[in-house]
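Novice: In terms of UniProt numbering, the sequence shown is numbered consecutively and its last residue is 280.
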Amino acid sequence: MSEEQADTVIYTVEDGIAWVWFSRPAKRNAMSPKLNRRMMEVLDEIEYREDVGVLVLGGQGTAWSAGMDLKEYFRETEANGLRGVRKSQSESYGWFRRLRWFQKPTIAMVNGWCFGGGFGPLFACDLAICSQEAKFGLSEINWGILPGGGVTKVVVDLLSMRDAMWLTLTGDLIDGAQASAMRLVNECVPADQLESRTAEVARMLLQKNPVTLKFAKDAVRRVGLMTYDEAEDYLVRLQEAMNFHDKTEGRKEGIRQFIDEKSYKPGLGAYDKDRAKAQS
Ligand code: ACO
């Protein structure tokens, strides 16, 4: 039976959180061209929804994602020559990039298998929480290619050189606890706590000024390649741009609630953004 594109990624929005699911459990959520196209549509649909403050990316079934679909992404597109290959690459790289710079903070919630090309969306998400049942691997070496797309860059950016090299050359599987120790993910939790812990982290982010979240996540991704002086200059200007974009003037309100009202302590939590100037 042919697979409907709409079924390859599903989502719900609940209490400010968009729960987006890779949804090809029978194929271990391998990323096919249909899935890649559907994911871009989903990101389009939710990015600027006012009732979405955080995106969580999870996987249905036993996998988060078994990487690119070896049949539909590689073999079948190669049959269409260079045009086919480039088209499917642009579709997958396109939504990975879209997710990297997504307007809202994003959390990878890794429940199971995460292979090869799956490291692309893993890296694209700002934070990552995995289950103790999760298993990560760069299996490409096992069938004779380089880590898919930008994945070599992903592991070099995220990990130590030794760990990046180990995963790349051996194709060894690591479990959730190892992934957390290696800092491939922020946290590893028991499987039955994966969704509740992820929701808790998402709710923590929902308390923060949404304009600041977007500027802050972009800053972390961009400063890595800058010299210190370039970064300092960029960050000063970024803060000034943020002051312009935040029509609620949140930072003034944050100071007011602490200094004048004494209603919160910035060292211990966020100011009440719902009492800031209404957005225009
Ligand atoms: N591409 C295409 N189909 C896949 C993929 C994939 N990456 N992963 C799983 N499937 C399919 C299988 O072919 C199988 O299909 P079928 O039921 O029609 O025969 C189905 O999903 C279930 O797979 P099984 O292997 O039976 O599932 P199992 O739970 O035993 O194993 C595992 C899961 C370990 C993930 C295994 O499927 C696997 O090794 N997959 C390939 C992982 C991989 O190397 N990914 C990286 C690709 S390279 C890249 O991303 C750039």
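We put the CB at the ideal spot given by N, CA and C, even for glycine.
In whole angstroms, give me the CA-to-CA distance for P210 and K262.
Specialist: As a working note, residue 210 is residue 210 in the sequence shown. As a working note, residue 262 is residue 262 in the sequence shown. Answer to the nearest angstrom: the Cα atoms are 23 Å apart.
Novice: State the CB to CB distance for the pair G16 and M68, rounded to an integer number of angstroms; the pair is presumed to be in contact (CB under 8 Å).
Specialist: Position 16 of the sequence shown, counting from 1, holds the residue named residue 16. Position 68 of the sequence shown, counting from 1, holds the residue named residue 68. Contact flag wrong, Cβ pair sits at about 32 Å.
Novice: Alpha carbon to alpha carbon, what distance is there between T62 and R28?
Specialist: For the purposes of this step, residue 28 is taken as the residue at position 28 of the sequence shown. For the purposes of this step, residue 62 is taken as the residue at position 62 of the sequence shown. Approximately 7 Å between the Cα atoms of the pair.
Novice: From the DSSP output, in three-state form, read off I255 for me.
Specialist: For the purposes of this step, residue 255 is identified with residue 255 of the sequence shown, where counting begins at 1. When secondary structure is reduced to three states using DSSP, I255 falls in the helix class.
Novice: Can you check whether the CB of G250 is closer than 8 Å to the CB of T212?
Specialist: Locating residue 212 in the sequence shown gives position 212, where the first residue counts as 1. Locating residue 250 in the sequence shown gives position 250, where the first residue counts as 1. In contact: T212 and G250 (Cβ atoms closer than 8 Å).
Novice: Grab me the residues of L206's own chain with a C-beta within less than 7 Å of its C-beta, minus the 5 sequence neighbours each way, in chain order.
Specialist: Position 206 of the sequence shown holds residue 206. The residues are G16, G53, V54.
Novice: For S131, which residues in the same chain have their Cβ closer than 8 Å to its Cβ, ignoring the five residues on either side in sequence?
Specialist: In the sequence shown, counting from the first residue as 1, residue 131 sits at position 131. These residues qualify, in order along the chain: V110, N111, G112, G176, C188, V189, P190, A191, L194.
Novice: Of all the options A128, R49, G81, which has the alpha carbon lying nearest to the alpha carbon of residue 342?
Specialist: An answer regarding residue 342 cannot be provided, because it is not within the stretch 1 to 280 covered by the chain.
Novice: Work out the CA separation of D233 and G58 for me, nearest whole Å.
Specialist: On the sequence shown, position 58 is the one that residue 58 refers to. On the sequence shown, position 233 is the one that residue 233 refers to. Counting only the Cα atoms, D233 lies some 37 Å from G58.
Novice: Could you give the distance in angstroms between the alpha-carbon of K214 and the alpha-carbon of Q239?
Specialist: Residue mapping note: residue 214 aligns to position 214 of the sequence shown, counting from 1. Residue mapping note: residue 239 aligns to position 239 of the sequence shown, counting from 1. Each residue's alpha carbon lies about 11 Å from the other.
Novice: Would you tell me roughly how many angstroms separate the C-alpha atoms of S280 and G254, rounded to the nearest one?
Specialist: Position 280 of the sequence shown, counted from the first residue, corresponds to residue 280. Position 254 of the sequence shown, counted from the first residue, corresponds to residue 254. Caution is warranted here: a pLDDT of 44 is assigned to S280, below 50, making its placement in the model unreliable, and no coordinate value can be reported.
Novice: How many Å lie between F244 and G149 at the Cα?
Specialist: Translated into positions along the sequence shown, residue 244 becomes position 244. Translated into positions along the sequence shown, residue 149 becomes position 149. Note on geometry: alpha-carbon atoms of F244 and G149 lie some 37 Å from one another.
Novice: For M182, name the three-state secondary structure that DSSP assigns.
Specialist: The sequence position of residue 182 within the sequence shown is 182, counting from 1. Of the three classes helix, strand and coil, the one that applies to M182 here is coil, per DSSP.
Novice: Flag E140 as yes when its Cβ comes closer than 7 Å to any non-hydrogen atom of ligand 1, and as no otherwise.
Specialist: As a position in the sequence shown, residue 140 is number 140, starting the count at 1. The answer is yes for E140.
Novice: Do you know how far the Cα of D229 is from the Cα of E14?
Specialist: Residue numbering aside, residue 14 sits at position 14 when the sequence shown is read from its first letter. Residue numbering aside, residue 229 sits at position 229 when the sequence shown is read from its first letter. Computed Cα separation, rounded: 42 Å.
Novice: Could you tell me the boundaries of the alpha helix (DSSP H) in which F244 lies?
Specialist: On the sequence shown, position 244 is the one that residue 244 refers to. 228-245 is the extent of the alpha helix (DSSP H) around F244.
Novice: Measuring CB to CB, does N36 end up less than 8 Å from W95?
Specialist: Translated into the one-based positions of the sequence shown, residue 36 becomes position 36. Translated into the one-based positions of the sequence shown, residue 95 becomes position 95. Taking a C-beta distance under 8 Å as the contact criterion, N36 and W95 qualify as a contact pair.
Novice: Spatial neighbours of T12 within its chain, please: CB distance less than 6 Å, with the 5 preceding and 5 following residues excluded, ordered by chain position.
Specialist: Walking along the sequence shown from the start, residue 12 turns up at place 12. So the qualifying residues of the chain are W19.
Novice: Using a 10 Å radius around the Cβ and a threshold of 16 neighbouring Cβ atoms, would you call A276 buried or exposed?
Specialist: Mapped onto the sequence shown, residue 276 falls at position 276. It is buried - the Cβ of A276 has at least 16 other Cβ atoms within 10 Å.
Novice: Indicate the three-state DSSP secondary structure (helix, strand or coil) for T248 in the structure shown.
Specialist: Within the sequence shown, numbered from 1, the residue matching residue 248 stands at position 248. Under the three-state reduction of DSSP, T248 is assigned to coil, being neither helix nor strand.
Novice: Quick check on D260 - is its C-beta less than 8 Å from some C-beta in chain C?
Specialist: The chain labelled as chain C is not found in the depicted structure, where only one protein chain is given.
Novice: Please say whether L99 and L43 have beta carbons closer to each other than 8 Å?
Specialist: Your numbering for residue 43 matches position 43 in the sequence shown. Your numbering for residue 99 matches position 99 in the sequence shown. It is a contact, given that the beta carbons lie within the stated cut-off.
Novice: Name the one or two DSSP bridge partners that Y11 has.
Specialist: By 1-based counting over the sequence shown, the position of residue 11 is 11. Looking at the DSSP assignment, Y11 forms a beta bridge with V20.
Novice: List in chain order: all unbroken alpha helix (DSSP H) runs of 4+ residues lying wholly within the region 27-86.
Specialist: 33-46
Novice: Out of D51, W21, Q60, A66, which has the shortest C-alpha to C-alpha gap to E140?
Specialist: On the sequence shown, position 140 is the one that residue 140 refers to. Taking only the C-alpha atoms, the option nearest E140 is A66.
Novice: Could you check the C-alpha separation between A241 and K247 for me, to the nearest Å?
Specialist: As a position in the sequence shown, residue 241 is number 241, starting the count at 1. As a position in the sequence shown, residue 247 is number 247, starting the count at 1. Taking the straight line joining both Cα atoms gives about 11 Å.
Novice: With a threshold of 6 Å on Cβ separation, who are the neighbours of A108 within its own chain once the five nearest residues in sequence on each side are excluded?
Specialist: By one-based count along the sequence shown, residue 108 stands at place 108. Excluding residues within five positions, the ones whose Cβ falls inside 6 Å are L57, L122, C125, A128.
Novice: Does S280 come out as helix, strand or coil in the three-state DSSP assignment?
Specialist: Within the sequence shown, the letter at position 280 stands for residue 280. Caution applies to S280, whose pLDDT of 44 falls short of 50 and renders its modelled position unreliable; the value that the coordinates give is listed next. In this structure, S280 counts as coil in the three-state DSSP scheme.
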